[in-house]
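Quick notes on the structure that follows.
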Amino acid sequence: LNCKTEHKHWLSLAKTLHKNIKSKLFNKRSGLYMKNTKYKTASDISQLAPFYFELDTNKKTLKKTLSHVMKNLWYGETGGIRRFKKFEIARDWHWYSGGSGAWVAFTAWMAHFYKKVGDKKNAKLCESWIEKTASRSSGLLPEHVTIKEEFNEWEEHEIEFNKRILNGMRRAEKLNKTFKKKYNEDLIYWATPLGWAHAEYVLLKKKK
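Rendered as structure tokens:
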């Protein structure tokens, strides 16, 4: 970036940020990281972010975080990991794009970290869910999967995604016919295919 003279300044800021994340966003009582200090006990996939970005490498804390996320964010209707519990953090319908549902990228995070701590059973559970999701969609991975009831509930209440936007999205979905096919099967594959979901799966397989 041609900023060699700024190196020390930015490195100092990075170290301060790292220090503050570990001191201010780590809940000593629960032994878990927090999304923010406003929601100290809320379950959120971002609790894995310090490990994803290698800001924390403590396996004991990682194991505890995995257990917490699996217990609270595993999506019972379809399998896979949700971002957060419905209306625990975000109370605006806009945050539940297409229904709450399970996210492929975050389920890949879980699989990767389960492998890292030697939990082969749960790693396989998460990885198999991703592959099963792809097998139902001609090998393509969506952003997230939800049940039709949750999608309909979201569509009824969402006002930011107006008809003009939704109609354009529907035309795009028709190109691979996945959306309609899954809707008829009581599943919603939201944003298919999604490059990010595929990238996280590739990284997961690469790190075997």
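Residues in the sequence shown are numbered consecutively from -6, following the working numbering. For each residue, glycine too, the CB sits at the ideal point set by N, CA and C.
Query raised in the report: Relative to the C-alpha of residue 202, which residue among 21, 143 and 35 is closest?
Result: There is simply no residue 202 to check, as the chain begins at -6 and stops at 201 in what is shown.
Query raised in the report: Any chance the CB of residue 16 is under 8 angstroms from a heavy atom of the ligand NAP?
Result: The ligand NAP is absent from the structure shown, which contains no ligand whatsoever.
Query raised in the report: If we count Cβ pairs, one from each stretch, closer than 8 angstroms, do we get three or more for the segment 59 to 66 versus the segment 124 to 131?
Result: no
**Report entry** Residue span of the beta strand (DSSP E) that contains residue 67, given as start and end
**Finding:** For the purposes of this step, residue 67 is taken as residue 74 along the sequence shown, with counting starting at 1. Where residue 67 is concerned, there is no enclosing beta strand (DSSP E), given that its DSSP letter is neither H nor E.
Query - Contact under 9 angstroms by Cβ, residue 30 with residue 18 - result: Start at 1 with the first residue of the sequence shown, and residue 30 comes out as number 37. Start at 1 with the first residue of the sequence shown, and residue 18 comes out as number 25. Yes. Within cutoff.
Query raised in the report: Which residue or residues does DSSP assign as beta-bridge partners of residue 139?
Result: The residue you call residue 139 lines up with position 146 of the sequence shown. Answer is 181.
Query raised in the report: To the nearest whole angstrom, what separates the beta carbons of residue 71 and residue 180, a pair I think is in contact under 8 angstroms?
Result: Numbered from 1 along the sequence shown, position 78 holds the residue referred to as residue 71. Numbered from 1 along the sequence shown, position 187 holds the residue referred to as residue 180. The pair is a contact, with the Cβ atoms about 7 angstroms apart (cut-off 8 angstroms).
Query raised in the report: Buried or exposed: which applies to residue 58, given that a residue is buried once 16 or more other Cβ atoms fall within 10 Å of its Cβ?
Result: Reading the sequence shown from its first residue, position 65 is the one you call residue 58. By the 10 Å Cβ count, residue 58 comes out buried.
Report task. Compute the distance between the beta-carbons of residue 20 and residue 1, then report whether it is under 9 angstroms. Result -> Here residue 20 refers to the residue found at position 27 of the sequence shown. Here residue 1 refers to the residue found at position 8 of the sequence shown. Cβ atoms of residue 20 and residue 1: not closer than 9 angstroms.
Query - Collapsed DSSP secondary structure at residue 29 in the structure displayed - result: Indexing the sequence shown from 1 puts residue 29 at position 36. DSSP places residue 29 in coil when its eight states are reduced to three.
Report task. Would you decide whether residue -2 is buried or exposed? Buried here means 16 or more other CB atoms lie within 10 Å of its CB. Result -> The residue labelled residue -2 in the question sits at position 5 within the sequence shown. Exposed, since its Cβ has fewer than 16 Cβ neighbours within 10 Å.
Report task. On the DSSP bridge assignment, give the partners of residue 37 in chain order. Result -> Sequence index remark: in the sequence shown, residue 37 carries index 44 (1-based). Note: residue 37 sits in a beta bridge opposite 77.
Query raised in the report: Hey, how far is the Cα of residue 112 from the Cα of residue 124?
Result: Stepping through the sequence shown from its first residue, residue 112 is reached at position 119. Stepping through the sequence shown from its first residue, residue 124 is reached at position 131. About 19 angstroms.
Requested in this report: Identify, in the order they occur along the chain, each residue of the same chain with its Cβ nearer than 7 angstroms to the Cβ of residue 195, setting aside the five sequence neighbours on each side.
Outcome: For this step, residue 195 is matched to residue 202 along the sequence shown. No residues qualify anywhere along the chain.
Query - Beta-carbon proximity of residue 96 to residue 73, cut-off 9 angstroms - result: Stepping through the sequence shown from its first residue, residue 96 is reached at position 103. Stepping through the sequence shown from its first residue, residue 73 is reached at position 80. Cβ distance < 9 angstroms, so residue 96 and residue 73 count as in contact.
Query raised in the report: What do you reckon, are the CB atoms on residue 56 and residue 110 nearer than 9 angstroms?
Result: Within the sequence shown, residue 56 is the residue found at index 63, counting from 1. Within the sequence shown, residue 110 is the residue found at index 117, counting from 1. Yes, the pair counts as a contact, with Cβ atoms nearer than the cut-off.
Query - Where the alpha helix (DSSP H) through residue 6 begins and ends - result: Within the sequence shown, numbered from 1, the residue matching residue 6 stands at position 13. That run of the alpha helix (DSSP H) goes 0 to 17.
**Report entry** Three-state secondary structure (DSSP) of residue 51
**Finding:** Position 58 of the sequence shown, counted from the first residue, corresponds to residue 51. Residue 51 falls in the coil class under three-state DSSP.
Query raised in the report: Going straight from the alpha carbon of residue 114 to that of residue 4, what length do you get?
Result: Taking the sequence shown and counting its residues from 1, one reaches residue 114 at position 121. Taking the sequence shown and counting its residues from 1, one reaches residue 4 at position 11. Distance between the alpha carbons of residue 114 and residue 4 is about 40 angstroms.
Query - Cα-Cα separation between residue 82 and residue 35, rounded to whole angstroms - result: Numbered from 1 along the sequence shown, position 89 holds the residue referred to as residue 82. Numbered from 1 along the sequence shown, position 42 holds the residue referred to as residue 35. Straight-line Cα distance between these residues: approximately 7 angstroms.
Requested in this report: Determine, using beta carbons only, whether residue 38 and residue 77 come nearer to each other than 9 angstroms.
Outcome: Here residue 38 is taken as the residue at index 45 of the sequence shown, counted from 1. Here residue 77 is taken as the residue at index 84 of the sequence shown, counted from 1. Contact: yes.
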